[in-house]
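Remarks on the structure that follows.
Residue numbers (the numbering used here): 10 to 215.
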C-alpha cells in the first residue's frame, strides 16, 4: 500500500504545471500527506481541468458511514474494475493526485524511503473519486490512489507502488479515455527513473 506522499509546491505552480482552468482551493504545501486528510485532486478533460479538495480515502456512494473511507485510500489496479467499492468510480470518475514524492517503509520501525522522480518536479498519481451524500449535512468528495506491482527499482523497498504518470499524454488518457481495456493498460508499473532516500517524517509538520 501507499499511505503517505508529499506535495510541497505553491498553488499557482500546481495550476500552471497541470494546465488547470477551473477551481479555487486553499491548501498548504505538505511533506506528510496521510489518509483522511483533504488533498488537491484534478478532474475533467484537458481544456476543462478542475482542481478540487477531496478527502483521501474513498467513501462508496452506498456507504452508511464515512468511516469506511479510512480503509479505502488505495485501490489495486488488478481488481479495480471488479471490486464493488471501486468499480463505478473506475468507469466514470477518474482523477489525478498531484505529488512530488511518495513514501514507503521497507521495515517497521525504520524511517521510510522518500521516492521521487529526479527529472521531474511534479508528477501525477492515478486515482478515482466518489461523491458521498449523507442523509443530513453536506456531500463529501473523496478519492483513492491506485497501486500496482512494483518495478525493478521498487522491488527492493516494497511489494506495491502507486501508478505514476509523468507525461501529459498519459494523464490526459486517464482522465478522458472511455474504453476499460485501454484504461487498464495505463495501470502499469512506472518505467522511468526513480530515486530514493531514507527520510524522517517525524521532523516534518503534518
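Just so you know, even glycine gets a beta-carbon here, dropped at the ideal spot from N, CA and C.
Beta-bridge pairing of residue i - partner residues as DSSP gives them
i, result
"residue 129", "Bridge partners of residue 129: none, in fact."
"residue 149", "141"
"residue 135", "105"
"residue 154", "83, 136"
"residue 170", "157"
"residue 39", "16"
Residue i - containing alpha helix (DSSP H), residue span
i, result
"residue 121", "Segment: none, residue 121 is in no alpha helix (DSSP H) and carries neither H nor E."
"residue 180", "177-185"
Burial state of residue i (16 or more Cβ within 10 Å)
i, result
"residue 94", "buried"
"residue 214", "Only weak support exists for where residue 214 lies, its pLDDT of 46 falling under 50; the coordinates are left without a value."
"residue 136", "buried"
"residue 58", "buried"
"residue 146", "exposed"
"residue 19", "exposed"
"residue 71", "exposed"
"residue 187", "exposed"
"residue 118", "exposed"
"residue 64", "buried"
"residue 130", "exposed"
The beta strand (DSSP E) enclosing residue i, as first and last residue numbers
i, result
"residue 49", "47-52"
"residue 204", "204-207"
"residue 195", "Looking at the DSSP string, residue 195 is not in any beta strand (DSSP E); the run it does join, the alpha helix (DSSP H), is 189-195."
Selection from the options that minimises the alpha carbon distance to residue i
i, options, result
"residue 14", "87, 173, 76, 58", "173"
"residue 124", "118, 160, 104", "160"
"residue 210", "53, 139, 122, 144", "122"
"residue 197", "205, 85, 97", "85"
"residue 192", "103, 63, 166, 46", "103"
"residue 96", "139, 106, 110", "139"
"residue 195", "55, 40, 133", "133"
"residue 52", "168, 68, 185", "185"
- Enumerate, from N- to C-terminal direction, the unbroken alpha helix (DSSP H) stretches of 4 or more residues contained entirely within the region 57-113. 96-101
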